[in-house]
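In full-length UniProt numbering, the protein residues as written are 1 to 299. Ideal Cβ placement from N, Cα and C applies to all residues, glycine included. Only a predicted model underlies this, so the values are computations on that prediction, with no experimental measurement involved. For reference, the structure is listed below as structure tokens.
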Amino acid sequence: MLMLLDTPSLYFRAFFGVPESIKGPDGSPVNAVRGLIDMIATLVRQHSPTELAATMDADWRPAFRVQAIPTYKAHRVAHGDTEEVPEALVPQIAVIQDVLDALGIARLESPGYEADDVIGTLTHRAPGAVDIVTGDRDLFQLVDDARPVRVLYTARGIRNLQIVDEAFVTAKYGIPGRSYADFATLRGDPSDGLPGVAGVGEKTAAALITRFGSLDALLQALDAGVTAGFPAGARTKLDAARDYLSAAPAVVKVAHDAPLPDTDLTLPAKPRDPEALVALADRHGIDGPLNRLLDVLSR
């Protein structure tokens with residue numbers, strides 16, 4: 001089984017979940033580093049993947065998404081193209097990357113794409129079962145019971161994961177299990193700066209997607225003058241949002257074809273670079289969580 005980590009989602013959770021007072025020997029914060037290492041150890045111990053990839057954002061706000069919807073993540077911009085990130089987290093991201101590399105855990109990113117797109121591409125390529133670990137609902141669009149592809153959703157914490165499959169999506173949102181992207185396009189997502197269709201909330205979006213099966217089918221019905229199945233006033237609202245509805249799918253849907261190098265995703269039984277790992281452990285005071293992870297990997 002292949003496990004894919006939405007690494008930015010996890011290290012943000014670790015940063016806010018582990019006290020910032022936890023510091024390395026030089027006084028620099030290491031709470032996100034320690035938290036992420038312990039998360040990986042817990043995930044491997046509980047779910048026993050044979051392959052593991054830590055995906056990263058090469059571009060947290062890709063140009064193709066901003067071109068389609070200029071408000072995409074605009075509220076998170078610190079300055080220029082830089083994401084607003086807590087000051088104490090910024091240096092820890094480089095340490096996380098160094099630790100993953102020394103361990104031999106595959107770390108993948110693709111220029112011009114987000115971690116979500118790397119996950120979408122690796123999921124599309126995978127011949128078998130995939131578990132996606134994330135706190136991002138956008139990745140619910142990838143669930144597929146036939147393969148199976150599941151999301152291990154971290155909203156309640158890494159030790160209390162919600163298993164998201166097609167049945168979960170249907171029960172939670174009242175839509176077909178593989179229709180989350182179309183549903184999210186209609187509803188919008190303020191956390192990503194996606195406005196959605198004005199006046200169409202979650203219940204109306206669910207009703208529309210359930211009735212028509214997909215956004216494409218809904219728009220075809222709209223063009224054909226179909227009135228059955230549209231809640232009162234919905235046709236007018238959808239007509240007014242045609243420009244948005246033509247642009248938004250490119251933003252909401254994760255890529256399945258991000259350029260990625262051929263990489264061995266096999267879960268390492270021992271560190272790729274033991275000397276570098278020891279140096280990182282000594283420098284940042286992270287020998288405890290590293291030893292816990294190494295113990296799990298060696299089993």
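Sub-8 Å separation of glycine 112 and proline 62 beta-carbons: yes
Distance between beta carbons of leucine 142 and valine 254, contact taken as under 8 Å: 7 Å
Those runs of the alpha helix (DSSP H) which lie wholly inside the stretch 5-75 and span at least 4 residues: 7-17, 31-47 and 63-68
Lysine 73 and aspartate 192 closer than 8 Å at C-beta: yes
Residue of Ala106, Ala126, Ala41 and Ile175 minimising C-alpha distance to threonine 266: Ala106
Valine 296 in three-state terms, based on DSSP: helix
Same chain, Cβ closer than 7 Å to leucine 293, five either side skipped, listed in chain order: Ile37, Ile40 and Ala41
Test item: CB-CB of phenylalanine 183 and isoleucine 158 under 8 Å: no
Rounded C-alpha distance that separates alanine 221 from aspartate 165: 29 Å
Buried/exposed call for asparagine 31, threshold 16 Cβ in 10 Å: buried
Alanine 181 - containing alpha helix (DSSP H), residue span: 180-187
As assigned by DSSP and simplified to three states, the class of histidine 79: strand
CA-to-CA distance, valine 66 to arginine 156, given in whole angstroms: 31 Å
Same chain, Cβ closer than 7 Å to alanine 207, neighbours up to 5 away in sequence not counted: Pro231
Candidates Ile163, Pro176, Glu51 and Ala78, of which the one nearest tryptophan 60 by Cα: Ala78
Valine 151: first and last residue of the uninterrupted alpha helix (DSSP H) it sits in: Here valine 151 belongs to no alpha helix (DSSP H); instead the beta strand (DSSP E) covers 149-153.
Which of helix, strand or coil DSSP assigns to threonine 227: coil
Histidine 124 versus leucine 43 - alpha carbon distance: 22 Å
Given glycine 233 as reference, the closest of Leu260, Asp273 and Val197 once Cα atoms are compared: Val197
Residue span of the alpha helix (DSSP H) that contains valine 252, given as start and end: 249-252
Beta-carbon spacing of isoleucine 119, leucine 4 below 8 Å: yes
Arginine 45 versus valine 99 - alpha carbon distance: 19 Å
Member of Ala171, Leu245, Leu161 and Thr170 whose CA lies at the smallest distance from the CA of leucine 186: Leu245
For leucine 219, the nearest candidate out of Pro249, Arg283 and Leu194 (CA to CA): Pro249
Pair within 8 Å by beta-carbon distance, arginine 283 and glycine 24: yes
Option nearest alanine 241 by Cα separation, candidates Glu275, Gly188 and Gly288: Gly188
Collapsed DSSP secondary structure at aspartate 287 in the structure displayed: helix
Contact check, threonine 7 vs alanine 115, beta carbons under 8 Å: yes
N- and C-terminal bounds of the beta strand (DSSP E) containing threonine 134: 130-134
C-beta atoms of valine 268 and leucine 297 nearer than 8 Å: The residue asked about is misnamed: residue 268 is proline in this sequence, not valine. Contact: yes.
Local Cβ density within 10 Å of phenylalanine 15, reported as buried at 16 or more and exposed below that: buried
Enclosing alpha helix (DSSP H) for alanine 240 [first to last residue]: 234-240
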